[in-house]
Structure formats: C-alpha cells, structure tokens
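Colleague: Before anything else, here's the structure in question.
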Amino acid sequence: MQVAGARQDVKDARRIVVKVGSSSLTTAAGGLDADRVDALVDVLAKHQDKEIVLVSSGAIAAGLAPLGLARRPRDLARQQAAASVGQGLLVARYTASFARYGRRVGQVLLTSDDTSRRAHYRNAYRTLDQLLAMGAVPIVNENDTVATDEIRFGDNDRLAALVAHLVRADLLILLSDVDGLYDGDPATPGTSRIGVVRGPRDLEGVSIGSAGRAGVGTGGMVTKVEAARIAAAAGIPVVLTSAVHAADALAGGLTGTHFLRTGRRSADRLLWLAHASTPRGALVLDDGAVRAVVERGSSLLPAGIASVEGEFTAGDPVELRDGDGRAVARGVVNFDAREIPRLMGRSTRDLARELGPAYEREVVHRDDLVLMHH
C-alpha cells in the first residue's frame, strides 16, 4: 500500500474519536485558553457529515487558577478538587464554543468500572450512541473527582482508545503538542517523523521519550503509542499529530503518524477487560483448569480453583493465575471472595444440591474472560 493511499481509511471514516491533551488547550500559565479551544472547535464543527466524540483532558489544568494553585498538585485529593472545579469550566467553554455553530455538547464522565462490568458497558455505549444520533458532540473525560488510584485509566490516551472501541469508531485521532512519532528525540537534529506504522515491528528500535515538556499533562509519547497499539489491534486506524494539524488529520492529509489497523474489529468489551480494568483480587487455578481456560476456551468452574487472594465482590474484575503465579487470564467474577473458599474443588452439581440453584454456575463465565498473552 502506498503512503498516499494509506489515508483513505481516514477520509472515509464517519464516526471519529478525537482526543486532545491539556497542553493543547491551556495557556503557558496553566489556565484554559479560549482561543485554542475555539480553534479546535472550528475544525471539528466544519465536519457536519461526521460523528465526532471528543475525549478532552484539561479539567485539572482549568481548575488550578480558580483554586489558587500555581501548578498541578501531586496528591490525588487536590487533583480531584481541581478536576471538580475545572470540569465544569471545561464543558462550559466547549458548550459556548460549539454553540457558535448551533451544535450541542453532552458531558460523559467514565471510570474504568463503567467499562469492565457488562451492564455499565452497554449503558455507556447507549448514552454515547444516543448523543451522536441526536446530533450532539459527546465530551468524554475520566471521572477524576471520584476515581481512586485503583480504578483510574491514568491517562486519557488509553481512555480514548477504549472509547473508540466502545462506540465502534472508524478512526481515532490523538492530538497533542507533538506533530507525530519520531525515530528519536524530536529536539535532536537528524531525527525524522515516522509517517506510517504498519505494526509493532515498525516500532522496534524507536526510543520513545517520557511525559511532555508543558508540565500540565500526564501522557507522554509512551501512552500515545500504547493507545494507538490498542486501537489498531481492535481494528481502528489512528492518526497521531499536533492540535495545529487537526484539520489536515481529519481531511486525510499526510500529517503526523498514521497507525494502520493490525487486528479485526469486534464489538465485545473484552478489550476493556484486558486494558482498562484493575484486578481486585486473584484466583489461583489448578493445572487442569489452566488448560481448560487457556487451550479450550472454557469457563472457570469452582472445581478448578486452588486458592483465592484479595477482597472482591461479584462483578469485579479478577486475575486468573497458574500455580507459578503467572496471570493467564482476566475475568469478571460471579461470586464474592469470601464465598469462594467453600466452593473450591467441588462440582457445580454438588454445590447446587447443597446450597441451592444459584451455585450451579461458573465462577467466571467464558464470555467474561480474556486471555493475557505473554
């Protein structure tokens, strides 16, 4: 495939997730920059023929000045306070900016819990789909004000990749202050931008630096490449470029770095389970159960569990480990941690006879289970 033709998938995309980093929306002093927000909205609003979901950072940065904070705080509690104040300001800014084009916006705040549990996942999809159907622009962010360290996505790049999968997007555009992926430090002479990434082999030997220079964002190039890899593996092409090249990126121009899709699209939420969930505990499996789960794609039954670790409740994501402690899979568990010891090693038929029909079921159903590839 020629590079020039490689952007046809970008031009043809109808449903697009655009992620913008806080460094592209804020002033040097750290407050929201209305001109920068307007410039981005000018680009997005021109594409009336496309459905756009905007994953926007900037809530914490927007909340710093109103709370009298000189810089982004390190502790989670003050970050959450800043996010709480800033999220309203951020959405108000987008609301005013899109209103110039007669477009409505809708706020959608997600935690990783919303995405590993089946009912929450379906609900998140329905909400976003309905907003798009009604012509609104969903503004998505992590629900920073209530997220704990355990349930955080940690960066909006990964959130954007997972939202692209959730809404079954045709394209993901990651906008930041860097105009693409370089084969070394962009500040060093002699390095050049990588135009196309066809797969992981194209990234071998590329040194990817850490967080951005601006000091207001959390995602460096590492998180962007990881997000691009997740989306590409889920069948969604990605363009990584700077916010000033947003118009080119949406038009299919040869700006930034274009990650071609490497996998097939699927409509399940197992991608979330693998990349967005934080296990709350672990189930250690005997050898037979490891083989059944990994090789035969079976559900995990009580008979195959050797031990249980951690405190979790039914519906939580847990890790499935082999006897050597290696994680072989991740899954959503059907029982509380304290219930499992009396189920271990026993057949579902016995358990149903003794404890009732609610116990004649899998501890982790195969539809709620994703293998971890080493």
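In this note's numbering, the protein residues as written are 33 to 406.
Each residue gets a CB set at the ideal place from its N, CA and C atoms; glycine is no exception.
1) Could you check what DSSP says for Ser116 in three-state terms: helix, strand or coil?
2) Would you say the segment 277-296 touches the segment 313-327, given that touching needs at least three Cβ pairs under 8 Å?
3) Give the DSSP bridge partners of His290, in chain order.
4) Comparing alpha-carbon positions, which option in Arg358, Gln40, His152, Gly118 lies nearest Val322?
5) Is there contact between the segment 331-341 and the segment 384-398, where contact requires at least three CB pairs shorter than 8 Å?
6) Inspect the beta-carbon positions of Ala390 and Gly313 and report whether they are closer than 8 Å.
7) Per the contact definition of three or more C-beta pairs closer than 8 Å, is the segment 223-238 in contact with the segment 88-104?
8) Kindly indicate which residue of Met376, Asp382, Ala361 has the alpha-carbon position closest to the one of Asp399.
9) So the candidates are Ala275, Glu174, Gly95, Arg110; which of them puts its Cα closest to the Cα of Ala124?
10) Got a sec: does the ligand MG put a non-hydrogen atom nearer than 7 Å to the Cβ of Arg110?
11) Am I right that Glu351 and Pro311 are in contact with their C-beta atoms under 8 Å? What's the rounded C-beta distance?
12) Use the C-beta contact count for Asp202: other C-beta atoms within 10 angstroms, 16 or more gives buried, fewer gives exposed.
13) Start and end of the alpha helix (DSSP H) containing Gln139?
14) Looking at the unbroken beta strand (DSSP E) that takes in Ala359, where does it start and where does it end?
15) In terms of residues, what are the limits of the alpha helix (DSSP H) holding Ile18?
16) Quick one: residues in its chain with C-beta nearer than 7 Å to the C-beta of Ala278, no 5 flanking neighbours on either side, listed in chain order?
17) If we ignore side chains and look at the alpha-carbon of each, how far apart do Ala93 and Gly252 end up?
18) Kindly list the residues whose CB is nearer than 6 Å to the CB of Thr127, restricted to its own chain and excluding five residues on each side of it in sequence; keep chain order.
19) Once the 5 residues before and after Gly249 are set aside, which same chain residues still bring their CB inside 6 Å of it?
20) Have a look at Gln80, Ala66, Asn173 and flag the residue whose alpha-carbon is nearest the alpha-carbon of Ala115.
21) Go through its chain and collect everything with a Cβ distance to Ser379's Cβ below 7 Å, but skip five positions before and after it.
22) May I have the straight-line CA-CA distance separating Phe344 from Gly237, to the nearest angstrom?
23) Taking the beta strand (DSSP E) that Ile92 belongs to, which residues open and close that run?
24) Asn155 by DSSP, collapsed to three states: which one?
25) What residues in its chain sit with their C-beta under 7 Å from that of Ala151, if we drop five residues either side in the sequence?
Modeller: Per the coordinate set shown:
1) Numbered from its first residue, the sequence shown carries residue 116 at position 84. If DSSP states are grouped into helix, strand and coil, Ser116 belongs with the helices.
2) no
3) In the sequence shown, residue 290 corresponds to position 258, counting from 1. The partner list for His290 (beta bridge, DSSP) reads Val228, Val271.
4) In the sequence shown, residue 322 corresponds to position 290, counting from 1. That would be Arg358, whose Cα lies nearest to the Cα of Val322.
5) yes
6) For this step, residue 390 is matched to residue 358 along the sequence shown. For this step, residue 313 is matched to residue 281 along the sequence shown. No. Outside cutoff.
7) no
8) The residue you call residue 399 lines up with position 367 of the sequence shown. Nearest C-alpha to Asp399: Ala361.
9) Along the sequence shown, read from residue 1 onward, the residue named residue 124 stands at position 92. Among Ala275, Glu174, Gly95, Arg110, the Cα nearest to that of Ala124 is on Gly95.
10) Although the ligand MG was asked about, the structure shown includes no ligands whatsoever.
11) Numbered from 1 along the sequence shown, position 319 holds the residue referred to as residue 351. Numbered from 1 along the sequence shown, position 279 holds the residue referred to as residue 311. Indeed they touch by this definition, with Cβ atoms about 4 Å apart.
12) For this step, residue 202 is matched to residue 170 along the sequence shown. So Asp202 counts as buried.
13) What you label residue 139 is simply residue 107 of the sequence shown in a count that begins at 1. Here Gln139 belongs to no alpha helix (DSSP H); instead the beta strand (DSSP E) covers 137-142.
14) Walking along the sequence shown from the start, residue 359 turns up at place 327. Looking at the DSSP string, the run of the beta strand (DSSP E) that includes Ala359 is 359-364.
15) This structure leaves residue 18 out entirely; the chain is present only between 33 and 406.
16) Position 246 of the sequence shown, counted from the first residue, corresponds to residue 278. Cβ neighbours of Ala278 beyond the five flanking positions: Leu72, Val75, Leu207.
17) The count along the sequence shown starts at 1 and reaches residue 93 at position 61. The count along the sequence shown starts at 1 and reaches residue 252 at position 220. Rounded to whole angstroms, Ala93 to Gly252 spans 16 Å at the Cα level.
18) Within the sequence shown, the letter at position 95 stands for residue 127. Once the five neighbours on either side are set aside, the close Cβ partners of Thr127 are Val137.
19) Within the sequence shown, the letter at position 217 stands for residue 249. Summary for Gly249: the model assigns pLDDT 42, below 50, so the residue's position carries little reliability, and this model does not support an answer.
20) Translated into positions along the sequence shown, residue 115 becomes position 83. It is Asn173.
21) Here residue 379 refers to the residue found at position 347 of the sequence shown. Within the same chain, Ser379 has close Cβ partners Ala335.
22) Within the sequence shown, the letter at position 312 stands for residue 344. Within the sequence shown, the letter at position 205 stands for residue 237. Looking at the two C-alpha atoms, the distance is approximately 41 Å.
23) In the sequence shown, the residue the question calls residue 92 occupies position 60. From DSSP, Ile92 is part of no beta strand (DSSP E) but of the alpha helix (DSSP H) over 91-96.
24) The sequence position of residue 155 within the sequence shown is 123, counting from 1. In the structure shown, Asn155 sits in a helix (DSSP, three-state: H, G or I).
25) Locating residue 151 in the sequence shown gives position 119, where the first residue counts as 1. So the list is empty, once near-sequence residues are dropped.
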